[in-house]
Amino acid sequence: MWWSVTELLSVVVPTHNRPDRLETAVRSVLDQTGPPVEVVVVDDGSQAPTAEVLDRLSADPRVVVLRNDVPQGAAAARNRGIDVARGDLVGFCDDDDLWLPGAASAAAEALRPSIGVVYGYHEVSIESTGRLVTFRPPARATPEMMRWLNVPAVPMAVVRRSVVGDELYFDTDLLMSEDWDLWLRCADQAPVVLAPHPFYRYVQHAGFRVTAVTEADLVSHRRFLDKHRSSMTAACVAHYEFALALMAKDAGIARGELAKLPRHPTILAAGALIATEVVASRLGQRRKDPGLRSRVAVGLLGPVIAKG
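Numbered per our numbering, the sequence shown finishes at 312, counting up by one with no gaps.
Below, the structure written as structure tokens:
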């Protein structure tokens, strides 16, 4: 056992108009064993039914409730929760997801004093079909890897704030990739490690559907690239440019990136990686292994990163 019995784990739960799911999310954290926990719920401008659930939950002294009169967005809500959280260990849970049994103890044990972030496996629950699959992310999350892809993949990770310092906040200018941006900045401060334990259940339900990429999504991803471009290699930037072109379905941009290959052979790695990711993604769907794509990508990235 590496954690102290007095070491508090604070879990921030932003919520907006999901009273039917919020209580399950909060209870999944309160029912954890291991380190003592507190749950900081940030109500981001919800309507009346959510207030009734929060009043019931706040009867537990381990629950802190904050309210925004006007919705600020998930990133800003999480930041407000971080400011109030008392624990040195800080985690997150969306209001329609939940923590799995044993997650808190597994995360706290992996967060030795020099470790900045611990992440784990997560389950993906597809309510429309009843299908449940496990996402097993790559075992390595170095800063160099994190510039290429979001290894933890979901908001479920636990951070030791005394190690990562002021990097423990979400960039409110990023409507997409804000969690990736956070983990990357933390990885630059301290090691990010995997605890091979199912931490989190991510629920895909009728209240949320994956739709076509919007212009706002593209703008947010572009902001992420511009923010970290100076610390990325040419091949890494090219990989992101290819991905943005595919998201936007812009053949002109894609052709422009391909035209650079004769002059910048290292960019070939970006194109090859995207092609491999597509194949691995389809294979992962057939095998019910959604993490296959990321694990294959990390395996391919090793030699590319070594070459610089």
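All C-beta atoms, glycine included, are put in the ideal place defined by N, C-alpha and C. Computed from a predicted model, the values in this text were never measured in an experiment.
Item to check | As assigned by DSSP and simplified to three states, the class of I130 | outcome: strand
Item to check | Sheet register partners of V67 (DSSP bridge) | outcome: V43
Item to check | For P202, the first and last residue of its enclosing alpha helix (DSSP H) | outcome: Not the alpha helix (DSSP H): P202 falls in the beta strand (DSSP E), residues V196 to Q208.
Next on the checklist: Considering Cα atoms alone, identify which of S132, R144 and T280 is closest to P320.
Outcome noted: Absent from the model: residue 320. The displayed extent of the chain is 5 to 312, so no value can be given.
Checklist entry - According to DSSP, which residues form a beta bridge with P18? => result V46
Next on the checklist: By DSSP's criteria, W103 is part of a beta bridge. Which residues make up the other side?
Outcome noted: Note: W103 sits in a beta bridge opposite Y204.
Item to check | Environment of R297 [buried if 16+ CB atoms lie within 10 Å] | outcome: Sixteen is the threshold: when 16 or more other Cβ atoms of the shown chains lie within 10 Å of the Cβ of R297, as they do, the residue is buried.
Checklist entry - Would you say the stretch 93-112 touches the stretch 148-157, given that touching needs at least three Cβ pairs under 8 Å? => result Short answer: they don't touch.
Item to check | Bounding residues of the beta strand (DSSP E) (the contiguous stretch that carries L248) | outcome: Careful: L248 lies outside any beta strand (DSSP E), inside the alpha helix (DSSP H) at A238 to A252.
Next on the checklist: Check whether the stretch 80-90 and the stretch 124-134 are in contact - that is, three or more C-beta pairs closer than 8 Å.
Outcome noted: no
Item to check | From V88, R60 and S62, residue whose alpha carbon lies closest to that of S14 | outcome: When only C-alpha atoms are compared, the closest one is V88.
Next on the checklist: At the level of alpha carbons, what is the spacing between R227 and D177?
Outcome noted: Spanning the two alpha carbons is a distance of roughly 8 Å.
Checklist entry - Would you report the Cα separation of A239 and L172, rounded to the nearest angstrom? => result 28 Å
Next on the checklist: Whole angstroms are fine: how far does the CA of E281 sit from the CA of V122?
Outcome noted: 25 Å
Item to check | Reference I309, options T146, F139 and C97, closest by Cα | outcome: Per the Cα distances, T146.
Checklist entry - On the premise that E245 lies in contact with A79, defined as a C-beta separation below 8 Å, what is that separation, rounded to the nearest angstrom? => result With a Cβ gap of about 25 Å, A79 and E245 do not count as contacting.
Checklist entry - What distance in whole Å lies between the Cβ atoms of V16 and F96, which are believed to be in contact at a cut-off of 8 Å? => result The C-beta separation of F96 from V16 comes to about 5 Å, placing the pair in contact by the 8 Å criterion.
Checklist entry - For E46, is the classification buried or exposed, using 16 other Cβ atoms within 10 angstroms of its Cβ as the cut-off for buried? => result In the sequence under discussion, the amino acid at residue 46 is Val, which differs from the Glu named in the question. That one is buried.
Checklist entry - Got a sec, what are the start and stop residues for the alpha helix (DSSP H) I138 sits in? => result At residue 138 the sequence reads Thr, which differs from the Ile that was named. Per DSSP, T138 lies in no alpha helix (DSSP H) segment; the continuous beta strand (DSSP E) that holds it begins and ends at R135 to F139.
Checklist entry - What did DSSP end up calling G303 once you bin it into helix, strand or coil? => result helix
Checklist entry - Taking the C-alpha atoms as reference points, what is the distance between V223 and D48? => result Rounded to the nearest angstrom, the two C-alpha atoms are 24 Å apart.
Item to check | Spatially closest choice to V1 from L186, V30 and D221, by CA coordinates | outcome: Limits of the chain in this structure are 5 at one end and 312 at the other, which puts residue 1 out of reach.
Checklist entry - The alpha helix (DSSP H) with L188 in it runs from where to where? => result E182 to A191
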